[in-house]
Amino acid sequence: MGKRIVARRRGKGSMTYRAQRKVELKLPKTEGTAKVTDIQHISGCNSPVANLEFEDGTRCQIIAPIGTYTNKIIEVSEKAEIVAGNIAPISKIPDGSSVYCIESVFKDGGKFCRSSGSFAIIKSHEKDYCFVEFPSRKMKKLSGNCRAIIGKPSGFARTTKPFLKAGNKWRFMKSRGHHFPTTSGSKMNPVDHPYGGKTHPGKSTSVARNAPPGQKVGSIAPRRTGKKKK
């Protein structure tokens with residue numbers, strides 16, 4: 097009797113294949129001035145994380161911008177200076193400024209440009225809205241009261257360092273809940289995959305839409321297969 101294939105086991109959603117991130121990075125809802133107490137690395141995050149402490153004792157964590165250091169003062173308000181690390185509404189940020197961790201809705205914590213080296217540019221302002229250009233060159237119209245962090249997130253050069261060992265790559269992918277290494281189904285044994293064995297795969301790779309989960313691999317309910325004739 098066969099066993100569940102990898103795609104079926106991962107689809108179950110167990111903790112074995114789930115990202116193990118322990119912290120949720122969002123923009124602080126508290127306004128005022130905060131001090132950077134520490135900068136640390138957290139598994140599952142591309143950028144270093146800055147720990148903030150406000151004057152009233154409130155603590156939070158944000159994605160650290162380039163040039164952050166301990167004991168640096170960060171402002172969170174509408175009147176914040178246009179300095180890297182400060183948090184302000186995009187309506188108060190001048191055109192051409194680099195921003196990241198941009199909110200889609202006011203005080204949702206930041207949804208756009210959260211990975212290391214990813215930032216957007218404020219292009220123009222129109223009444224209560226702002227036009228923001230993202231790394232994909234796509235222009236998006238956002239409400240002016242949506243907040244963002246001024247500057248660029250740190251850790252942009254992390255991709256220049258090679259993994260060197262497969263174990264390092266496995267730990268990197270494991271912390272993000274990704275599948276690594278990927279093995280071709282035709283290289284597996286018949287017990288592990290429908291394409292396994294010496295036949296490679298020995299039958300049509302098309303499968304019905306209502307096929308059982310263990311059999312549902314390959315081209316699912318395709319309209320056509322093969323090369324198109326010129």
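Counting with my numbering, you get residues 97 to 326 for the letters of the sequence shown.
Glycine residues also receive a C-beta, built at the ideal position from the N, C-alpha and C atoms.
Span separating the alpha-carbon of residue i from that of residue j
i	j	result
P290	S300	11 angstroms
I378	Y196	With the chain covering 97 to 326 only, the question about residue 378 has no answer from this structure.
G251	L148	19 angstroms
M284	M269	22 angstroms
C141	E151	27 angstroms
A146	H137	9 angstroms
S302	P277	25 angstroms
Q157	R210	13 angstroms
H274	G192	36 angstroms
R114	K325	43 angstroms
S220	P144	30 angstroms
P318	A304	9 angstroms
I170	T256	29 angstroms
G298	D288	15 angstroms
L238	E222	10 angstroms
R354	T279	Residue 354 is absent from the model: the chain starts at 97 and stops at 326.
K234	P286	46 angstroms
G263	T129	42 angstroms
S206	P258	Note that residue 206 is Gly in the sequence shown here, rather than Ser. So the two alpha carbons sit approximately 30 angstroms from each other.
Y225	S232	20 angstroms
Q116	N167	29 angstroms
I245	I159	9 angstroms
Whole-number beta carbon distance between residue j and residue i, since they are thought to touch under 8 angstroms
i	j	result
E199	A216	In fact, because the Cβ distance is near 12 angstroms, the residues do not count as touching under 8 angstroms.
E127	V172	5 angstroms
R254	S212	6 angstroms
P185	R243	5 angstroms
I183	L260	At roughly 37 angstroms, the Cβ-Cβ gap does not stay under 8 angstroms, so I183 and L260 are not in contact.
V313	G281	6 angstroms
T112	I135	31 angstroms between Cβ atoms; not a contact.
Contacting residues, own chain, Cβ-Cβ under 7 angstroms from residue i (five flanking each side not counted)
i	result
K203	K125
S43	Here the chain comprises residues numbered 97 to 326, so residue 43 is not present and cannot be evaluated.
K323	none
N241	P185, S187, F202
E174	A184, P185, K188
D236	Note that residue 236 is Lys in the sequence shown, not Asp. For K236, where only same-chain residues beyond five positions count, the Cβ hits under 7 angstroms are V228, F230.
R267	none
H296	S282
K265	F259, F276
Cutoff 6 angstroms; reference residue i; Cβ partners in own chain excluding five residues on either side
i	result
S271	S139, G140
T154	T126
F208	I198
T133	N147, E149
Chain D within 7 angstroms of residue i, Cβ atoms only
i	result
D204	The structure shown has no chain D; it contains just one protein chain.
Length-filtered (3 minimum) beta strand (DSSP E) runs lying within the stretch 131-184: Listed in chain order, they are 145-150, 155-159, 169-172.
Ordered list of alpha helix (DSSP H) runs contained in the stretch 241-297, each at least 4 residues: Correct list: 262-271.
Inter-stretch contact at 8 angstroms, needing at least 3 Cβ pairs: the stretch 99-116 / the stretch 306-314: Because the criterion of three Cβ pairs below 8 angstroms is met, the stretch 99-116 and the stretch 306-314 touch.
Three CB pairs or more closer than 8 angstroms across the stretch 178-196 and the stretch 105-115: At 8 angstroms Cβ cutoff, the stretches do not touch.
Residue ranges of each beta strand (DSSP E) within the stretch 175-240, 3 or longer: You should have 183-185, 194-196, 216-222, 225-229, 235-239.
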